[in-house]
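Chains as they are written, first to last, in the numbering used here: chain C, 1 to 486; chain Z, 1001 to 1096; chain U, 2001 to 2496.
Note that CB positions come from ideal geometry on N, CA and C, so glycine has one too.
Presented below is the structure to which this report refers.
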Amino acid sequence: MMIDRRTVTQLAADLRARKVSSVELVRACLPRIEASQPTLNAFVTVTAEQALAQAQAADRELAAGRGGPLAGVPIGHKDLFCTAGVRTTCGSRMLENFVAPYDATVVARLKAAGAVMLGKLNMDEFAMGSSNETSYFGPVRNPWNTDLVPGGSSGGCAAAVAARLLPAATATDTGGSIRQPAAFCGVTGIKPTYGRVSRYGMIAFASSLDQGGVIAQTAEDCARVLRSMAGFDPRDSTSVDIPVPDYLAGLDAPLAGVRIGLLKEFFDTGLEADYERRVREALAVFERLGARLCELSLPNIPRSVPAYYVVAPAECSSNLARYDGVRFGHRCRNPRDLTDLYKRSRSEGFGAEVKRRIMTGTYVLSAGYYDAYYLKAQRVRRLITGDFERAFAEVDLLMGPTTPTAAFALGAKSADPITMYLNDIYTISANLAGLPAMSVPCGFAGGLPVGLQIIGPHFAEQRLLHAAHRFQLETDWHTRVPERCA
Amino acid sequence: MALTRAQVEGIAHLARLELDPAEVPQYERSLSRIVDFIGELERANTAGVAPMAHPLPGLAQRLRADEVTERDEHDLYQRNAPAVASGLYLVPKVIE
Amino acid sequence: MNTHLGTPVSADAGTRQGGAWETVIGLEIHAQLATRSKIFSGAATAYGAPPNTQACLVDLGYPGVLPVLNAEAVRMAVRFGLAIGAQIARQSVFARKNYFYPDLPKGYQISQYELPIVAGGTLEIVLEDGSRKRIGVTRAHLEEDAGKSLHEGLAGLTGIDLNRAGTPLLEIVSEPQMRSAREAVAYMKKVHTLVRYLEICDGNMQEGSFRCDANVSVRPAGSEKLGTRTEIKNVNSFRYVEKAIQYEVARQIELIESGGKVIQETRLFDPDRGETRSMRSKEEANDYRYFPDPDLLPLELEAAYIEAVRAELPELPDAKAARFSAQYGLSDYDAGVLTASRELADYYEAVTRAVPGQSKLAANWVMGELAAALHKDGLEIGAGKLPAERLAGLLARIADGTISGKIAKEVFEVMWASGTSADDVIASKGLQQITDTGAIERAIEDVMAHHPAQLAEFRAGKDKLFGFFVGQVMKATQGKANPAQLNALLKKKLPG
Chain C
1 MMIDRRTVTQ LAADLRARKV SSVELVRACL PRIEASQPTL NAFVTVTAEQ ALAQAQAADR
61 ELAAGRGGPL AGVPIGHKDL FCTAGVRTTC GSRMLENFVA PYDATVVARL KAAGAVMLGK
121 LNMDEFAMGS SNETSYFGPV RNPWNTDLVP GGSSGGCAAA VAARLLPAAT ATDTGGSIRQ
181 PAAFCGVTGI KPTYGRVSRY GMIAFASSLD QGGVIAQTAE DCARVLRSMA GFDPRDSTSV
241 DIPVPDYLAG LDAPLAGVRI GLLKEFFDTG LEADYERRVR EALAVFERLG ARLCELSLPN
301 IPRSVPAYYV VAPAECSSNL ARYDGVRFGH RCRNPRDLTD LYKRSRSEGF GAEVKRRIMT
361 GTYVLSAGYY DAYYLKAQRV RRLITGDFER AFAEVDLLMG PTTPTAAFAL GAKSADPITM
421 YLNDIYTISA NLAGLPAMSV PCGFAGGLPV GLQIIGPHFA EQRLLHAAHR FQLETDWHTR
481 VPERCA
Chain Z
1001 MALTRAQVEG IAHLARLELD PAEVPQYERS LSRIVDFIGE LERANTAGVA PMAHPLPGLA
1061 QRLRADEVTE RDEHDLYQRN APAVASGLYL VPKVIE
Chain U
2001 MNTHLGTPVS ADAGTRQGGA WETVIGLEIH AQLATRSKIF SGAATAYGAP PNTQACLVDL
2061 GYPGVLPVLN AEAVRMAVRF GLAIGAQIAR QSVFARKNYF YPDLPKGYQI SQYELPIVAG
2121 GTLEIVLEDG SRKRIGVTRA HLEEDAGKSL HEGLAGLTGI DLNRAGTPLL EIVSEPQMRS
2181 AREAVAYMKK VHTLVRYLEI CDGNMQEGSF RCDANVSVRP AGSEKLGTRT EIKNVNSFRY
2241 VEKAIQYEVA RQIELIESGG KVIQETRLFD PDRGETRSMR SKEEANDYRY FPDPDLLPLE
2301 LEAAYIEAVR AELPELPDAK AARFSAQYGL SDYDAGVLTA SRELADYYEA VTRAVPGQSK
2361 LAANWVMGEL AAALHKDGLE IGAGKLPAER LAGLLARIAD GTISGKIAKE VFEVMWASGT
2421 SADDVIASKG LQQITDTGAI ERAIEDVMAH HPAQLAEFRA GKDKLFGFFV GQVMKATQGK
2481 ANPAQLNALL KKKLPG
């Protein structure tokens, strides 16, 4: 079976021009997905039948000259977006058999745009992890080297796009869960501004940090998919009622005069030398395109990781209290009493990392510790946000590495949670401040993809996509495909 | 700061998690590591800084019109429920 | 019908009862707000639906769903705050109160904690001696109600019905300023009256729409320091609140006097036994881990919004009672009783407007015959059994002398049973008063003729027999003789 390297943009055009049918695309994708499962394990659920039915419907629409902007384009959803009638597991035993009775707003919007869902993508359990090793359904492996992790928590999404099993997938990012796996797998990912994409139907990890986004091959594809999924949702109180601009408009405009800030703190200790070289080479490309580079220091950024590991677990400990074995989800056998029902259902249903975060969150919110941890972290969060505000008064975009190193081996960081948490050292601050951020492939270090991170002010998605697109017009890193998949 | 076994067990109980006795030392270690790590925040000077609960500044809660928009779908919703009878979710006897 | 508002209460039952002890009571009242849909979802709030048929995905705490705040719940809370002269917070915050319980689907209750929507109001109650006492309302905040646990017929299991989950509640927290069970009841009744005036709660206590937790402690009289309190949970009748507090006060005093110590705990009132008992199941060290709900943003209210709500406030009970006293010449007590509910007050005003100049007569009838009839049939004033115009029609016939007050009671009974008008009853039963002087004179002469012995005694100076003749004439006229005329004519004729 030939690999389909076409982007969403190309596929949408070919479908509309009737050069290919959606059914043909789905029929080509399904066996490749099946074949990839034993090695990559990118999918939790493949929805072959529904996909074919949706593809047929899309083909009919296209034949009639109708159909939405993504009519017939195959996509996948991270397995925490609720899909009516198709199980949504969150990578957890807790929800192994959970079938949502409704579609997440993101799922409904992409359906309305004509996209065809091929399946649900593997992820770290409840999106808690940076390596996809915490999934109850087994780790996802990196298509560039299957001994390595794909990153997390949206590891299945990044691996599937990298292996060209799919042109694009929805994903979520709480502390780097779109950008880090995109960097590790050599694909493009965008986490929009908090509130830009509805969280309704997106199973919560940490409500004030979670944001839905896209992983695709190119910035242009990200723009195309994001355009169909973003926007105000009355069902989400934190959704922002600001019109969604046409993210595709002006992508080709010149970059001259754009001010790019380099965060000193992102080039500090811990950044691998080769990784840094690739990032600096990418920055040079922007300079050639007419952007002006300057160095900035944001003194509170180094406190992002500890602040995050207070706020995120606190919210998660409360968000995950609903999994009690009563209305849905795993229930233990023969509970002796109510407490036994709760404790055993939850202990059997959740994996070790989820339990650890629930306990961390329970601790930081408990009497006597709330002020010292939770409130303190929320104050630090304001300081970090203030740092960014000052930076964006001077520059249009911030750029730096997405991660301190390229993908690491399975098991390499599982022993110590802090080592794993520090993998998100460059990505977490954008979540704390609610900023839009991307990761764009910018070369290879030791044969593994390197990601360039771009961060912008609130609601500057267009600016990010523009810069990334111009970069991708000058480079071909985003077109590289792992040899084993080609 | 090292968490004691009793603290870890207390937290687990509050979170309604049952830890295998053999797992407890492991959680003791990793949670102590995490508590040390986040304890670093103590050094941040946050005098006069208000806590920030939401990442977007200046947004206020939107209000919904008081309208009934939902229908009875309990059959569908209870398909995910492990134990139901007569439309009720079942749990072990609760003594008040 | 509630005629409780003006009921005087003992100024200090606790102190008297315990001798050297003073009782300190604070109430937390939970009023379900009368919205159509729930506080954070579009599910219906109607009472009595089959289990879980009004529990939508948000109420069930399904993965992925999110809360959106009901505008009407906010407006109702603001109405209450304005009515008690409280501060309306320009910014209030919803927090999560975390604990596990089967009737709490998300594992947390959304409630306002540090920044409630209403803070610092007052209500006035009337004590037994007619004096008034102001009770402070510390705060009132919005929160969601929990579901219900059912234990019957489930073979050793508990069944969970989440229809009530997510119903908006206004929790009204008083200062610990009540000093007796009766003061507490007077305060609770006052709040009950107010929320119904404001049309923010139906006040139905059987259905749990209005219930309270009582915090009770005792301390040596004159002491400034508060004693250890217990919290009596979820009492849903005025009578039970009174009994529960009385029992609890006695229990605490006895405990302390016998050398024991009150422990801070949650207790439940058992109406069958008339006692409170410790609730062990909820007793384990609660650590609610409150934090701002990240799914909801701060609630911000503009001054213009608050003023618009204020402009829509109805006349409130205290103002209405004062106006009734002044305008209708009623005693404070009567005015209090008649303004105990908005329906009752409206009814009274409709009656008295239809029979001008008879406001005291109208008050007596509304509080007397009508209240008794309603009570006997278990009806509310609003049920429309006897429209105000009907009662006014009866009172008009008393006022114009067509019938006497005594006959009117008879007419009322027929009107109540048959639903006909006073005039129809009077006409069909021939109850019209006799005011024709000639007819009354004839009746007097007839009686005099039949009772010569009594007449002789009267004329010999036995004045007491005057009443005998009144009675005999009334008997002869089936009570229809106009009493005033009868009196005058008898005085003229009997002496001879």
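What whole-angstrom Cβ distance do residue i and residue j have, given they're in contact under 8 Å?
| i | j | result |
| --- | --- | --- |
| C:F459 | C:I242 | 6 Å |
| C:R173 | C:N431 | In the sequence as displayed, the identity of residue 173 of chain C is Asp instead of Arg. The pair is a contact, with the Cβ atoms about 7 Å apart (cut-off 8 Å). |
| U:H2141 | U:I2110 | Actually they are not in contact, since the Cβ atoms of U:H2141 and U:I2110 sit about 11 Å apart, beyond 8 Å. |
| C:P552 | C:R480 | Outside the shown range of chain C, which is 1 to 486, sits residue 552 of chain C, and nothing can be said about it. |
| C:V44 | C:I33 | Actually they do not touch by this definition, with Cβ atoms about 12 Å apart. |
Can you grab the Cα-Cα spacing for the pair residue i / residue j, in whole Å?
| i | j | result |
| --- | --- | --- |
| Z:V1024 | C:I301 | 33 Å |
| U:L2494 | U:A2453 | 13 Å |
| U:R2164 | C:E315 | 25 Å |
| U:H2151 | U:M2279 | 17 Å |
| U:L2115 | C:R322 | 25 Å |
| C:R93 | C:C332 | 12 Å |
| C:R327 | Z:Q1078 | 7 Å |
| C:A42 | Z:L1056 | 33 Å |
| U:G2259 | U:I2253 | 10 Å |
| U:F2100 | C:R357 | 18 Å |
| U:T2053 | U:L2060 | 11 Å |
| U:R2273 | C:P234 | 51 Å |
| C:T475 | C:N97 | 44 Å |
| U:D2012 | U:R2182 | Low per-residue confidence applies at U:D2012: pLDDT is 43, beneath 50, and the placement is therefore not dependable, though the value from the model is reported in the following sentence. Each residue's alpha carbon lies about 9 Å from the other. |
| C:A352 | U:L2268 | 40 Å |
| C:L293 | C:A53 | 50 Å |
| U:F2468 | U:D2129 | 42 Å |
| C:G85 | C:V99 | 6 Å |
| U:V2078 | U:E2143 | 14 Å |
Give every residue of the same chain whose Cβ lies closer than 6 Å to the Cβ of residue i, excluding the five residues on either side of it in the sequence, and list them in chain order.
| i | result |
| --- | --- |
| U:Q2091 | P2298 and E2300 |
| C:T238 | G195 |
| U:T2158 | S2149 and H2151 |
| U:R2342 | Y2197 |
| C:T508 | Because residue 508 of chain C is not part of the residues shown, which for chain C are 1 to 486, the question remains open. |
| U:P2029 | Note that residue 2029 of chain U corresponds to Ile in the displayed sequence, not to Pro. For U:I2029, where only same-chain residues beyond five positions count, the Cβ hits under 6 Å are I2172, V2191 and C2212. |
For residue i, which beta-bridge partners are listed by DSSP?
| i | result |
| --- | --- |
| C:N145 | C:N142 |
| U:D2270 | U:E2275 |
| U:D2213 | U:E2028 |
| U:S2174 | U:V2137 |
| U:Y2108 | U:N2098 |
| C:M399 | C:L262 and C:I454 |
| U:A2149 | Here residue 2149 of chain U is Ser; the residue named in the question, Ala, does not match the sequence. The partner list for U:S2149 (beta bridge, DSSP) reads U:I2160. |
| C:K120 | C:T45 and C:H77 |
Below 8 Å CB to CB, which residues in the same chain sit around residue i once its five sequence neighbours on both sides are set aside?
| i | result |
| --- | --- |
| C:E348 | R93, H330 and C332 |
| Z:Y1089 | Q1078, A1081 and A1083 |
| C:L255 | F286, L289, G290, A291, H466, A467 and R470 |
| U:Y2288 | K2097, N2098 and Y2099 |
| U:G2107 | G2061, N2098, Y2099 and F2100 |
With a threshold of 7 Å on Cβ separation, who are the neighbours of residue i within its own chain once the five nearest residues in sequence on each side are excluded?
| i | result |
| --- | --- |
| U:E2283 | The predicted model places U:E2283 with a pLDDT of 48, which falls under 50 and marks its position as unreliable; any figure quoted below should be read in that light. Cβ within range, chain order: E2265 and T2266. |
Measuring CB atoms only, is the stretch 2367-2374 of chain U touching the stretch 2315-2327 of chain U, in the sense that at least three cross pairs come out at less than 8 Å? no
With contact counted as at least three CB pairs below 8 Å, one residue from each stretch, are the stretch 333-347 of chain C and the stretch 437-454 of chain C in contact? no
Is the stretch 60-80 of chain C in contact with the stretch 111-118 of chain C, if contact means three or more CB pairs nearer than 8 Å? yes
With a cut-off of 8 Å, do at least 3 Cβ pairs link the stretch 205-213 of chain C to the stretch 1001-1021 of chain Z? no
Three CB pairs or more closer than 8 Å across the stretch 163-172 of chain C and the stretch 130-139 of chain C: no
Any contact of the stretch 2374-2392 of chain U with the stretch 2453-2463 of chain U, i.e. 3+ C-beta pairs under 8 Å? no
Cβ contact check for the stretch 2307-2316 of chain U and the stretch 220-229 of chain C: 3 or more pairs under 8 Å: no
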